[in-house]
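Let me begin by presenting the structure, written as structure tokens, before commenting on it.
See the structure below:
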């Protein structure tokens with residue numbers, strides 16, 4: 008849903024693997040969902056659904072605007088060499104801020120520090136995660152570790168000057184993201200094509 012929804016509803020910060028965070032809302036007319044900090048929730052994601060943990064709740068539009076601004080500043084200050092970039096376009100990542108102070112992160116950002124929350128897309132919290140979905144987290148983690156090992160092996164075979172340090176499946180398995188460290192820009196298009204043949208899902212690096 009568009010940002011205008013966020014102005015009319017309480018907003019939530021939800022955290023995912025590798026410190027990735029995003030902002031979400033619960034529809035104003037939905038009295039069945041009132042997530043608390045620490046709750047696991049099913050949320051709207053990139054062409055599908057994801058599962059994350061509520062890090063902050065009952066945020067106002069103004070608070071989220073401030074947090075987003077702090078994230079942009081922190082991302083551009085601490086961008087380092089750890090990259091998470093789409094195979095076709097650059098994906099602007101944000102850094103995890105659980106408190107109102109900035110913190111170190113494992114993501115780089117190509118987003119301008121002048122960018123504001125007004126330009127962001129606020130997605131919806133659908134519901135609390137069910138017990139069977141929570142129980143699947145262990146299998147998801149095992150599959151991510153396997154994907155990481157296979158990707159590292161292929162990088163070694165191709166002698167690419169990059170170090171893949173983590174892998175993350177979107178909850179519905181429609182996207183698989185690899186986080187990597189590199190001293191310079193890497194052409195990994197052939198690697199992405201090869202990984203797609205293995206996993207038959209969208210690959211982001």
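In the working numbering, the protein residues as written are 8 to 212. Just so you know, even glycine gets a beta-carbon here, dropped at the ideal spot from N, CA and C.
query, result
"Element boundaries [alpha helix (DSSP H), containing residue 46]", "Here residue 46 belongs to no alpha helix (DSSP H), and DSSP marks it neither H nor E."
"Segment limits, alpha helix (DSSP H) that includes residue 151", "144-165"
"DSSP bridge partner residues for residue 182 (one or two, in chain order)", "209"
"Rounded separation between residue 147 and residue 129 - CA only", "26 Å"
"Helix, strand or coil at residue 203 according to DSSP, with G and I counted as helix", "helix"
"Presumed contact (8 Å Cβ cut-off) between residue 48 and residue 59, rounded CB distance", "6 Å"
"Residue 196 in three-state terms, based on DSSP", "helix"
"Local conformation of residue 22 per DSSP, three classes", "strand"
"Which of helix, strand or coil DSSP assigns to residue 138", "helix"
"Contact belief for residue 174 with residue 154 at Cβ below 8 Å, rounded distance in angstroms", "4 Å"
"Backbone CA spacing between residue 200 and residue 152 [nearest angstrom]", "20 Å"
"Separation of residue 70 from residue 122, as counted between CA atoms", "Model confidence at residue 122 stands at a pLDDT of 38, short of 50, so the residue's coordinates are unreliable and nothing is read from them."
"C-alpha distance - residue 61 paired with residue 22, whole-angstrom precision", "6 Å"
"Nonlocal neighbours in the same chain, by C-beta distance under 6 Å from residue 178, ignoring five residues either side", "56, 57, 58"
"Residue 44 and residue 63 closer than 9 Å at C-beta", "yes"
"Three-pair Cβ contact test at 8 Å for the region 162-170 versus the region 184-202", "yes"
"Whole-angstrom distance between residue 163 and residue 196, CA atom to CA atom", "15 Å"
"CB of residue 39 within 9 Å of CB of residue 134, strictly", "yes"
"9 Å Cβ cutoff met for residue 51 and residue 141", "no"
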